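Structure, as structure tokens:
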Amino acid sequence: MSPQDSPEPDSDQQASDPESSDAAPADVSSSATKSDSGSDPGSDLTSDSQATRRRGGAGLLLVALLALAALAVALYPLLDQQDPLEDFAVLETSLEDLDARISDRVSGLSERLGTLEQALEDAAADRDRLASRLDRRLDEAASERRSLAGRIDGQERSLEALETELGAQLQELWQQEGQQREVDRDFARRMHLLEAASLLRLGQERAELAADWTAARLAYERAEQLLREVDDPRLGQVRRLLAAELTALESAREPDWERWKVRLTRIGASVAQWPVRAVGQPEQAAADAPPEGAGWLNDMRSALGRLVTVSRRDERELPEEVLDSLREQLQLRLVAAELALVRRNLVELGHQLRASIELIDEWFDPDDADIAEARERLQELLSIEAPGTPAGLGEALRALQSRLESA
1354 MSPQDSPEPD SDQQASDPES SDAAPADVSS SATKSDSGSD PGSDLTSDSQ ATRRRGGAGL
1414 LLVALLALAA LAVALYPLLD QQDPLEDFAV LETSLEDLDA RISDRVSGLS ERLGTLEQAL
1474 EDAAADRDRL ASRLDRRLDE AASERRSLAG RIDGQERSLE ALETELGAQL QELWQQEGQQ
1534 REVDRDFARR MHLLEAASLL RLGQERAELA ADWTAARLAY ERAEQLLREV DDPRLGQVRR
1594 LLAAELTALE SAREPDWERW KVRLTRIGAS VAQWPVRAVG QPEQAAADAP PEGAGWLNDM
1654 RSALGRLVTV SRRDERELPE EVLDSLREQL QLRLVAAELA LVRRNLVELG HQLRASIELI
1714 DEWFDPDDAD IAEARERLQE LLSIEAPGTP AGLGEALRAL QSRLESA
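Numbers in our numbering are just positions in the sequence shown, counted from 1, shifted up by 1353.
Okay, here's the thing in structure tokens:
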């Protein structure tokens, strides 16, 4: 075998290799066409992996051929100088080593390609699962959106109905509130009139029955104030009558009952120190009175008689228990008179005052200055009379009652 003949198989092999390399792109283009024509994402991924595998095999083959050609060119001078058999053996050994290395590279690349294919398949499966989950979630979201839209529409319709109903109820409530305010005003007006009528009745009773003019005036003034607060022009006549009766009450002047009450209290407190009349002592002997025209001698005898007290042997002092009972009885009479004075009960006051004066005249010493002054004060109080009731009192009350009945 000559050195010129040895490269020929390599050249033939190189000539055949481009054809195989040209066929590989055709396969790739056909697989790409098939991949483009498919509609399923999973089938597209499988077609892509197959096309990638074919392109990888063609590339490895082309690399191996180029390496062999380069080796042949590099070894050609050496082969030309050595023995052809020896050169062929060396070349065969080199080719075997190169083939082994190429096989190892191809095996490693095949393993990596398998790993990549598995990763691509896993990624495609994950993508399919993710797409499926995404589709389900999109369907669920669309369903929820439709359901939510339906609920929102229902809520809007319910809200519109509720707004309509609430507006009607609010309008009705306003009407009822206006009616209630009118009823409240009428009720308050009537209560003011009833209270004014009660005050007029009370004032009239205090004036006519107890002669308590101060309380009567206060009651009438309060009734007049209540009538001023009522905005009703139909009460003009009642106001005029009330003003006239109040003027009549103010013109009536009553005694100073408080001052007389203090006097009665002071008299009752001093009873405990009053001396009593001796038993058997006449109240006043008529024979002791000097005859008219008796002259200066009788005047002297009378003056000396007042300086000397003559008592009979049969006179005796009352026991202390009896004296305490008499004083207590008089004090009770005075307290009863004081209560009658506070109540303006002039009939009861006169009765208690007369009973007190009788007790003083019967059992207590009339010559004592304190007793004489107390008796004089009781007699003065007994002669006091309360002013008469003004004429026409009660006309305002009757007019107000007539107004209430007509309302």
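Using N, Cα and C, we set each Cβ at its ideal position, and we do this for glycine too.
Predicted, not measured: the structure shown is a model, and the values here were computed from it.
- Residue environment: Glu1577 is assigned as buried (16 or more neighbouring CB atoms within 10 Å of its CB, all protein chains considered).
- The C-beta distance from Leu1753 to Leu1553 rounds to 7 Å, short enough to fall under 8 Å.
- Taking C-alpha positions only, Ser1736 is separated from Glu1558 by approximately 24 Å.
- Using a Cβ-Cβ distance cut-off of 8 Å, the stretch 1624-1631 and the stretch 1703-1718 are in contact, since at least three pairs of beta carbons, one from each stretch, lie closer than that value.
- Distances from the alpha-carbon of Pro1586 to those of Leu1415, Arg1756, Leu1466 put Arg1756 closest.
- At a Cβ-Cβ threshold of 8 Å, Ala1560 and Ala1569 count as neighbours.
- When only Cα atoms are considered, Gly1621 and Trp1610 end up about 16 Å apart.
- The Cβ atoms of Glu1607 and Trp1566 sit closer than 8 Å to each other.
- Excluding sequence positions up to five before and after Leu1734, its CB lies within less than 7 Å of the CB of Trp1613, Leu1706, all in the same chain and listed in chain order.
- Taking the Cα positions, Arg1538 is about 10 Å away from Val1583.
- Ranked by Cα distance from Ala1601, the options Pro1743, Asp1457, Thr1446 are led by Pro1743.
- According to DSSP, residue pairing for Phe1717 in a beta bridge involves Val1629.
- The C-alpha of Ser1447 lies about 27 Å from the C-alpha of Leu1466.
- Counting the other Cβ atoms within 10 Å of the Cβ of Val1591 gives 16 or more, which makes it buried.
- Here DSSP, grouped into helix, strand and coil, assigns Arg1730 to helix.
- Gly1745: not part of any alpha helix (DSSP H); DSSP gives it neither H nor E.
- Burial check for Glu1493: the Cβ neighbour count within 10 Å stays below 16, so the residue is exposed.
- When DSSP states are grouped into helix, strand and coil, Asp1609 belongs to the coil group.
- With contacts defined by Cβ atoms closer than 8 Å, Leu1617 and Leu1679 do not form a contacting pair.
- Residue burial annotation: Val1624 is buried, with at least 16 other C-beta atoms found within 10 angstroms of its C-beta.
- In this structure Ala1749 is in contact with Leu1594, their Cβ atoms being roughly 4 Å apart against a cut-off of 8 Å.
- Scanning its chain for C-beta atoms nearer than 7 Å, with the 5 sequence neighbours on each side dropped, one finds around Glu1548 the residues Leu1579, in chain order.
- The alpha carbon of Gln1682 has as its nearest neighbour, out of Ala1521, Glu1598, Leu1702, Ser1709, the alpha carbon of Ser1709.
- Look at Glu1561 here: in three-state DSSP terms it is helix.
- Nearest in C-alpha terms to Arg1581, of all of Ala1478, Leu1676, Asp1723, His1545, is His1545.
- In this structure, Leu1421 places its C-beta atom within 8 Å of the C-beta atom of Leu1451.
- Linking Ala1477 to Leu1419 through their CA atoms gives a straight-line distance of about 36 Å.
- When secondary structure is reduced to three states using DSSP, Arg1697 falls in the coil class, being assigned neither helix nor strand.
- The continuous stretches of alpha helix (DSSP H) do not include Val1624, and DSSP gives it neither H nor E.
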